[in-house]
Structures are given as structure tokens and as C-alpha cells.
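A.B. asks: Residue numbers for the first sequence follow our numbering, so the first one is 176 and each next one is one higher.
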Amino acid sequence: MGSATRSTRARPEPARFGRRLPRSFYARGTALVARDLLGKTLVYDGPAGVRAARIVEVEAYLGLRDPASHAYRGPTPRTAPMFGPPGRSYVYFVYGMYHCLNVVTERDGVAGAVLLRGAEPIAGVGADPRGLAGPGKLARAFGLTTANTAMDLVTSPLTIREAPPIRPSRVARSARIGLRQHETTNKPWRWHVIGSPGVSR
DNA sequence: CCACCGATTGCT
DNA sequence: GCAATCGGTGGT
């Protein structure tokens with residue numbers, strides 16, 4: 176009926192970026208999702224305007240089997256989104272001054288997420304090629320805080336969009352960064368685009 | 001209630 | 001190499 180044309184309709188999506196990744200993309204296993212996020216476009220159509228960047232560095236975090244994961248000891252108020260349905264954000268606050276953005280991966284009830292550690296500027300995030308190199312800097316450049324946790328990447332203004340894939344020969348895999356060295360935490364669950372200035376290190 | 005500490009960053 | 005800075009978490 177006529178009610179469909181009221182002002183409740185969503186703001187037009189930015190046309191210059193690719194199509195949003197479907198829910199199914201996020202539900203294929205954390206490691207596979209992590210690898211496939213390289214090259215995709217992170218877009219946030221937020222209060223400060225449209226911001227976008229190309230993802231070039233990620234890390235996978237699991238749940239009860241991963242001592243390095245926030246979800247290792249079970250769900251808490253902060254980590255609840257990690258146990259929620261796939262395709263949502265999990266943003267946490269660390270060191271009293273930084274925020275970090277994750278993409279939730281496993282099915283509802285199972286913990287799993289991919290930390291976005293590095294990206295290359297596309298729009299609205301400055302031109303410094305090193306400005307998004309590191310999870311704290313990336314979240315800051317996008318203006319993301321804990322207020323942005325548990326956002327649905329499939330239906331909200333925070334999205335990840337399709338983009339030309341990264342050649343396998345351009346992808347490196349290594350141990351995760353910033354963890355207390357432990358046999359169980361040094362698994363090769365970090366992926367990055369070789370040579371990109373958006374990689375933290 | 002209290003004490004510890006971190007999926008970081010930037011400066012010495 | 002290390003200080004900054006503070007909310008989440010777990011133990012008392």
C-alpha cells in the first residue's frame with residue numbers, strides 16, 4: 176500500500192562501492208572468511224560521512240579452543256557479539272585508548288571473529304598510506320567505538336563490500352601479532368597482502 | 001570492592 | 001625499551 180513510500184525508507188546506498196557481502200559469506204568458517212576478507216572494501220556510512228578502505232591485513236580468533244581469544248572463557252557482556260550470529264561487528268576497547276573492529280564469523284552460539292588489522296584508504300579516511308596500518312588506527316580512522324559493536328554488516332550502515340580478489344601469490348600467512356607467546360597462540364592465523372603500506376608490519 | 005592487565009601506539 | 005590510560009574481568 177501507500178505506506179511503503181513514507182520517509183522510513185533507507186538512505187540510498189553509496190553507488191561507487193561493490194555489492195554488500197551476503198550473510199552466507201560470513202558463515203563458512205573463521206579461517207576461510209579471514210583469508211577471503213583480504214581485498215574487500217570496508218564501508219561505513221556514518222554520521223561523519225562515507226568512509227571506505229581496502230582490507231589488507233586480518234587475524235582469526237576462535238572461541239573455547241583459542242586461549243588468545245576474548246571468547247576463550249565463555250561469553251561476557253563485552254564478548255557477547257562474538258557468540259552471536261555471523262555477519263555482525265564486534266568492537267572492543269583496549270589499553271584505555273584504542274578500539275578494534277572484528278567481523279563475527281561462526282554460526283549463532285559459537286564464538287569466532289576476524290580482527291581487521293590493516294587497510295588502504297579509499298574515501299573519507301585521509302590519504303596517509305600508513306593511516307590505517309594497525310587495528311587501533313583503522314578503527315579510529317573510521318570513527319568506530321564500542322557504540323558500534325554488534326552492528327549487522329548485512330543491513331546496517333557498517334558494511335563490507337565485494338571487490339576484485341587478491342591473487343593467492345600476493346597473500347602471506349603468519350603467526351598473530353601482540354599475543355603472549357604460547358604454544359597454543361602461535362598458530363598461523365594472520366593473513367596480509369604482501370607489500371601493502373596498509374599492513375601494520 | 002580491588003587489583004591486574006590487555007588482539008596498541010608512539011615516543012625515548 | 002617502555003609509558004600512557006581505563007574498562008572488563010575475575011578473585012576476595
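Where is the CB? At the ideal position from N, CA and C, for every residue including glycine. Please read all numbers here as calculations on a predicted model, not as lab measurements.
By Cβ distance, which residues of its chain are closer than 8 Å to glycine 318, with the 5 residues on each side in sequence left out?
C.D. replies: In the first sequence, counting from the first residue as 1, residue 318 sits at position 143. Here the set comprises Tyr219, Gly221, Pro222, Ala223, Arg226.
A.B. asks: Starting from arginine 365, trace the beta strand (DSSP E) in both directions and tell me its first and last residue.
C.D. replies: Taking the first residue of the first sequence as position 1, residue 365 is located at position 190. First-last of the beta strand (DSSP E) with arginine 365: 365 to 368.
A.B. asks: Quick check on DSSP: helix, strand or coil for serine 329?
C.D. replies: Position 154 of the first sequence, counted from the start, is the residue given in the question as residue 329. It is worth fixing the name first, because residue 329 is valine in this sequence and not serine. The answer is coil: DSSP assigns valine 329 none of H, G, I, E or B.
A.B. asks: Between which two residues does the alpha helix (DSSP H) carrying leucine 217 extend?
C.D. replies: Locating residue 217 in the first sequence gives position 42, where the first residue counts as 1. Segment 216 to 221 is the beta strand (DSSP E) holding leucine 217; no alpha helix (DSSP H) there.
A.B. asks: So, using beta-carbon positions, are arginine 294 and glycine 353 closer together than 8 Å?
C.D. replies: By 1-based counting over the first sequence, the position of residue 294 is 119. By 1-based counting over the first sequence, the position of residue 353 is 178. The sequence shown places alanine at residue 294, rather than the arginine named in the question. No. Outside cutoff.
A.B. asks: Can you tell me which of Arg305, Pro256, Thr321 puts its alpha carbon nearest to the alpha carbon of cysteine 275?
C.D. replies: Your numbering for residue 275 matches position 100 in the first sequence. The option with the nearest alpha carbon to cysteine 275 is Thr321.
A.B. asks: Taking the CB atoms as reference points, tell me whether glycine 249 and arginine 229 lie closer together than 8 Å.
C.D. replies: The residue labelled residue 249 in the question sits at position 74 within the first sequence. The residue labelled residue 229 in the question sits at position 54 within the first sequence. No; because the gap between Cβ atoms is not below 8 Å, this pair is not in contact.
A.B. asks: Can you name, in chain order, every residue of its own chain whose Cβ lies under 7 Å from the Cβ of valine 231, other than the five neighbours on each side?
C.D. replies: Along the first sequence, one-based indexing puts residue 231 at 56. Correct list, in chain order: Leu213, Gly293, Ala294, Glu295, His367, Val368, Ser371, Gly373, Val374.
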